[in-house]
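Asker: If you count the sequence shown from 1, position 71 lands on 186 in this note's numbering, and the numbers rise without skipping.
Think of the CB as a built atom: it goes at the ideal place given N, C-alpha and C, for glycine as much as any other residue.
Note that the structure is a prediction, hence the values are computed from the model and not measured.
Attaching a single structure in structure tokens format; questions to follow.
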Amino acid sequence: MTDASFDGIQQHDHPLPKWWIWLFAGCLIFAPPYFWYYHNGTEGRSLADQHDQLMAENLKLQFSQMGELKADRETLLRFTYDDSWLRVGRSIFKTNCVSCHGRDGVGQVGPNLQDDHYKNVTDIADILRVLENGANAGAMPAWKSKFSTNEIVLVSAYVASLRGKSDGTGKPAEGREIAPWPPAPPQEASAEEPASQG
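So this is what it looks like as structure tokens:
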């Protein structure tokens with residue numbers, strides 16, 4: 116009991132329940148790993164990332180039925196401007212490329228893919244060549260033995276689509292500035308368009 120009394124109610128001087136103290140201590144121990152795991156940019160944790168993964172898996176089912184794509188400039192341009200198929204390319208990129216090029220291509224060990232400067236590319240079709248054969252004496256590995264032609268086309272399209280998205284926070288520009296990509300080719304109704312497949 117204490118000498119304090121309010122409105123006729125005598126105030127008691129009991130310690131906090133032990134389980135309250137342990138619960139608070141547990142929260143302090145649990146919070147940093149939880150925050151690090153879910154909020155430090157680790158791939159695949161957010162609902163948006165999970166949604167993109169599910170969409171990519173769905174598109175991969177259609178992707179398996181699309182037949183063999185040509186790894187050429189015209190095909191690459193078509194898919195660079197197709198948001199549905201870019202999800203598949205993004206999924207491949209996030210699985211294989213972020214360790215060097217960073218999340219969303221902002222650059223880490225490898226160059227920033229969001230600006231207008233390129234070291235090994237002068238035309239959009241060069242992205243296909245660099246992905247297939249590598250560059251810089253193996254610093255950029257060759258992927259033609261690891262990816263199918265369709266995967267190379269789609270991840271190349273995603274890489275091309277990153278251009279112009281820089282907010283100035285990525286790795287500084289490397290190489291030389293090149294001309295903008297050509298505009299999207301005219302739309303053609305085909306079996307390769309996922310939007311027409313329910």
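Spatial neighbours of Asn265 within its chain, please: CB distance less than 8 Å, with the 5 preceding and 5 following residues excluded, ordered by chain position.
Answerer: Sequence index remark: in the sequence shown, residue 265 carries index 150 (1-based). Excluding positions up to five away in sequence, the list reads Phe178, Met181, Glu183 and Leu184.
Asker: Report the partner residues of Tyr233 according to the DSSP bridge assignment.
Answerer: Against the sequence shown, residue 233 aligns to sequence position 118. Partner(s): Arg291.
Asker: In the structure shown, what three-state DSSP assignment does Ala250 receive?
Answerer: Numbered from 1 along the sequence shown, position 135 holds the residue referred to as residue 250. Ala250 falls in the strand class under three-state DSSP.
Asker: May I ask you to report which of helix, strand or coil DSSP gives Met255?
Answerer: Against the sequence shown, residue 255 aligns to sequence position 140. Strand at Met255.
Asker: Kindly give me the distance between the Cβ atoms of Lys280 and Gln223, rounded to whole angstroms, as I take these residues to be in contact under 8 Å.
Answerer: In the sequence shown, counting from the first residue as 1, residue 280 sits at position 165. In the sequence shown, counting from the first residue as 1, residue 223 sits at position 108. Wrong, their Cβ atoms sit about 16 Å apart, outside the cutoff.
Asker: Hey, out of Asp282, Ile267 and Gly123, whose CA is closest to Gly204's CA?
Answerer: Counting from 1 along the sequence shown, the entry for residue 204 is found at position 89. Answer by Cα proximity: Ile267.
Asker: If you follow the alpha helix (DSSP H) that Ile207 is in, where does it begin and where does it stop?
Answerer: In the sequence shown, counting from the first residue as 1, residue 207 sits at position 92. Asp198 to Asn211 is the extent of the alpha helix (DSSP H) around Ile207.
Asker: Using the C-alpha atoms, what's the distance from Trp135 back to Gly249?
Answerer: For the purposes of this step, residue 249 is taken as residue 134 along the sequence shown, with counting starting at 1. For the purposes of this step, residue 135 is taken as residue 20 along the sequence shown, with counting starting at 1. Going from the Cα of Gly249 to the Cα of Trp135 covers about 58 Å.
Asker: Which stretch, first to last residue, makes up the alpha helix (DSSP H) that contains Val224?
Answerer: Within the sequence shown, the letter at position 109 stands for residue 224. Val224 -> no alpha helix (DSSP H), and no H or E assigned at all.
Asker: DSSP three-state call for Ile239: helix, strand or coil?
Answerer: On the sequence shown, residue 239 is found 124 positions in, with the first residue counted as 1. It is coil, neither helix nor strand.
Asker: For Met170, which residues from the same chain have a beta carbon less than 6 Å from its beta carbon, with the 5 sequence-adjacent residues on both sides left out?
Answerer: Here the question's residue 170 lines up with position 55 in the sequence shown. Arg202.
Asker: Based on the DSSP output, what are the partners of Gln126 in its beta bridges?
Answerer: One-based indexing of the sequence shown puts residue 126 at position 11. Answer by DSSP bridge pairing: none, since Gln126 is not bridged.
Asker: For the alpha helix (DSSP H) holding Lys133, just list the boundary residues, first then last.
Answerer: Against the sequence shown, residue 133 aligns to sequence position 18. Taken as a continuous stretch (DSSP letters only), the alpha helix (DSSP H) holding Lys133 covers Lys133 to His154.
Asker: Considering just the uninterrupted stretch of the alpha helix (DSSP H) at Phe194, what are its terminal residues?
Answerer: Position 79 of the sequence shown, counted from the first residue, corresponds to residue 194. That run of the alpha helix (DSSP H) goes Arg188 to Thr195.
Asker: Give the secondary structure of Ser161 by DSSP, where H, G and I count as helix, E and B as strand, and everything else as coil.
Answerer: One-based indexing of the sequence shown puts residue 161 at position 46. Coil, per DSSP.
Asker: Is it a yes or a no for the region 285-299 touching the region 233-243, going by three-plus beta-carbon pairs under 8 Å?
Answerer: Enough Cβ pairs lie closer than 8 Å, so yes.
Asker: From the DSSP output, in three-state form, read off Ser260 for me.
Answerer: Translated into positions along the sequence shown, residue 260 becomes position 145. Reduced to three states, the DSSP call for Ser260 is coil.
Asker: Do the CB positions of Gly290 and Lys234 come within less than 7 Å of each other?
Answerer: The sequence position of residue 290 within the sequence shown is 175, counting from 1. The sequence position of residue 234 within the sequence shown is 119, counting from 1. Yes, the pair counts as a contact, with Cβ atoms nearer than the cut-off.
Asker: In its own chain, which residues sit with a C-beta less than 7 Å from the C-beta of Asp282, not counting the 5 before and 5 after it?
Answerer: By 1-based counting over the sequence shown, the position of residue 282 is 167. Nothing meets the Cβ criterion.
Asker: Decide if Phe121 is buried, meaning its Cβ has at least 16 other Cβ atoms within 10 Å, or exposed.
Answerer: In the sequence shown, counting from the first residue as 1, residue 121 sits at position 6. Phe121 should be labelled exposed.
Asker: Write down the C-beta distance between Ala288 and Asn251 rounded to the nearest angstrom, noting that I regard them as a contact closer than 8 Å.
Answerer: Indexing the sequence shown from 1 puts residue 288 at position 173. Indexing the sequence shown from 1 puts residue 251 at position 136. That pair is no contact at about 16 Å.
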